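When we follow this note's numbering, the leftmost residue of the sequence shown carries the number 192, and every step to the right adds one.
Virtual Cβ for every residue (Gly too), placed ideally from N, Cα, C.
Keep in mind the model is a prediction, meaning the values are calculated, not measured.
Input: a single structure, listed below in structure tokens.
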Amino acid sequence: MKIIGTGRAHPAFTLTNAMLEEILDTSNEWIVERTGISQRQIITNEKLEELAAEAARNALDDAGLSPSDIDLVICSNVVNEYVTPSLGCLVEGLIGASCPTYDINAACSGFVYALSTAEAYLRSGMFERILIVCAEEPTRMVNWRDRATCVLFGDAAGAIVVTAGDDLKAIRITANPKREVLRYERVLEPTPYITKEERDVPLFMNGREVFKTAVTSSIADVESVLSEAGVNKDEVKYYILHQANIRIIDSIREHFRQPVEKFPRNVDRFGNTSSASIPLMLDQMSREGQLRKGDKIVLSAFGAGFTTAACLIEWSK
Ligand code: UT7
Numbered sequence: 192m193k194i195i196g197t198g199r200a201h202p203a204f205t206l207t208n209a210m211l212e213e214i215l216d217t218s219n220e221w222i223v224e225r226t227g228i229s230q231r232q233i234i235t236n237e238k239l240e241e242l243a244a245e246a247a248r249n250a251l252d253d254a255g256l257s258p259s260d261i262d263l264v265i266c267s268n269v270v271n272e273y274v275t276p277s278l279g280c281l282v283e284g285l286i287g288a289s290c291p292t293y294d295i296n297a298a299c300s301g302f303v304y305a306l307s308t309a310e311a312y313l314r315s316g317m318f319e320r321i322l323i324v325c326a327e328e329p330t331r332m333v334n335w336r337d338r339a340t341c342v343l344f345g346d347a348a349g350a351i352v353v354t355a356g357d358d359l360k361a362i363r364i365t366a367n368p369k370r371e372v373l374r375y376e377r378v379l380e381p382t383p384y385i386t387k388e389e390r391d392v393p394l395f396m397n398g399r400e401v402f403k404t405a406v407t408s409s410i411a412d413v414e415s416v417l418s419e420a421g422v423n424k425d426e427v428k429y430y431i432l433h434q435a436n437i438r439i440i441d442s443i444r445e446h447f448r449q450p451v452e453k454f455p456r457n458v459d460r461f462g463n464t465s466s467a468s469i470p471l472m473l474d475q476m477s478r479e480g481q482l483r484k485g486d487k488i489v490l491s492a493f494g495a496g497f498t499t500a501a502c503l504i505e506w507s508k
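What follows is the structure in structure tokens.
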């Protein structure tokens, strides 16, 4: 595959740490020191599908394509107001596309999981132009009285268009079931016959465990894709990691003994936007002219499941 267009969209409302101080027993100092987050954009009156459609249109414009040129839309999403139809169908309705579409849920690893799916389709020749849209509203999964989780997230949508090419040099996706460390449970509609116990559990996270697992697994994934591609860690121009926590990013960077500028970050402004975080960063860097043809870029993500995913690409846009 090769990436030929990128796009993103953010909700309008900015929630700062100072605003959180007014509703929670927390402080700007704690949040900045433990997470690196200063503010996040969160959904108020927007629908997630509208943000997803905006990101999709921006990626299509960037690629110089119209919705009818796309053969497949893959959406990465954990939660939105519709259980069915899929977010992909909602987005197609808004942008005026009518190709096959479905959603995947690999939590924060969803973007790289979607890339691996797109790569397989492009290799097989089944589809030629694929739109990947990662749209997430994790702020609707948390308990807003739980200071340990609600300060961490932001909402956003990021999108890319891919077609056949040679950008992808190595990819690895993994899953290691661990629902005890990170989950969000909800009760479905009642029936007269349900006898099992069910619970509504807003996002539960064992932060320390997730932190350790994220660092260990991301290091293993990155080492694996570097070795598969035969690329030395110093040859990599950027390591674009899932933006969950500045300390996770720095722990991984320190392991690889790389300079700060090779590990771009925007978690300070947007918080953890789940699977949208890597396409957001790619779009931001591409539009700011930071990505050059031939740059070797590692992408690495981790999230609920526990899922992880990493790949090495060579930018050709
Ligand atoms: O997308 C992937 C999913 N998530 C992640 O990647 C998150 C991974 N984990 C983390 O980022 C960190 O574990 C957190 C930022 C969530 C928490 O940082 P920590 O350094 O692991 O703190 P902790 O959970 O050990 O809590 C330390 C203290 C506790 O107080 P006591 O028990 O020491 O008195 C917490 O109650 O900090 C307290 N605390 C807070 N204090 C002020 C927790 N949240 C807050 C808060 N403001 N917002």
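Judged by the Cβ position, Val352 fails to qualify as a neighbour of the ligand UT7 at the 7 Å threshold, every heavy atom of the ligand being at least this far.
Of the other Cβ atoms in all chains shown, fewer than 16 fall within 10 Å of the Cβ of Pro291; this residue is therefore exposed. In the DSSP assignment, Ile265 is bridged to Tyr293 and Ile323. Under the three-state reduction of DSSP output, Tyr375 falls in the strand class.
At a threshold of 7 Å, Cys502 does not count as near the ligand UT7, since its beta carbon sits no closer than that to any of the ligand's heavy atoms.
Counting C-beta pairs with one atom in each stretch, the stretch 262 to 273 and the stretch 448 to 468 have three or more that are closer than 8 Å, which means they touch. The residues Lys428 and Trp506, in chain order, have a CB closer than 6 Å to that of Asp486 in the same chain once the five nearest residues on each side in sequence are set aside. Within 7 Å of the C-beta of His433 there is at least one heavy atom belonging to the ligand UT7.
Contact annotation, Ala243 with Arg374: C-beta distance approximately 24 Å; criterion of less than 8 Å not satisfied. When the alpha-carbon of Ala311 is set against those of Asn457, Glu388 and Leu359, the nearest one is in Leu359. By the 16-neighbour rule on beta-carbons within 10 angstroms, Asp294 is buried. Asn423 is not bridged by DSSP to any residue.
The beta carbons of Ala348 and Ala246 sit closer together than 8 Å. Inter-residue distance for Ile228 and Ile321 is about 33 Å (C-alpha atoms, whole angstroms). Spanning the alpha carbons of Met210 and Pro329 requires a straight line of approximately 18 Å.
Asn249 is classed as buried because its beta carbon has at least 16 other beta carbons within 10 Å across all chains shown. For Lys487, the beta-bridge partners assigned by DSSP are Glu505. Within the stretch 411 to 456, the alpha helix (DSSP H) runs of at least 4 residues that lie entirely inside it are, in chain order, 437 to 446.
With fewer than 16 other CB atoms across the displayed protein chains lying within 10 angstroms of its CB, Asn367 is exposed. The ligand UT7 never approaches Gly301 closely enough for any of its heavy atoms to be under 7 Å from the residue's Cβ.
If you compare the alpha carbons of Val342, Phe395 and Glu419 with that of Ile214, the shortest gap goes to Val342. Positions of the alpha helix (DSSP H) runs, each at least 4 residues long and wholly inside the stretch 213 to 241, are given as 219 to 226 in order along the chain. Distance from Gly287 to Cys325 at the Cβ level is roughly 20 Å; contact not present, criterion being Cβ atoms closer than 8 Å. Nearest in C-alpha terms to Thr205, of all of Cys502, Ala350 and Phe344, is Phe344. If you ignore the 5 residues before and after Asp253, its C-beta comes within less than 7 Å of the C-beta of Gly196, Thr197 and Gly198, all in its own chain and listed in chain order.
Membership of Pro470 in the alpha helix (DSSP H) is indicated by the continuous run Ser468 to Arg478. For Thr365 against Thr499, the beta-carbon gap comes to about 5 Å, under 8 Å, which counts as contact. One thing to note: Pro202 has its Cβ within 8 Å of the Cβ of Ile233. Minimum Cα-Cα distance from Met476 among the listed residues Ile431, Gly284 and Gln230 corresponds to Ile431.
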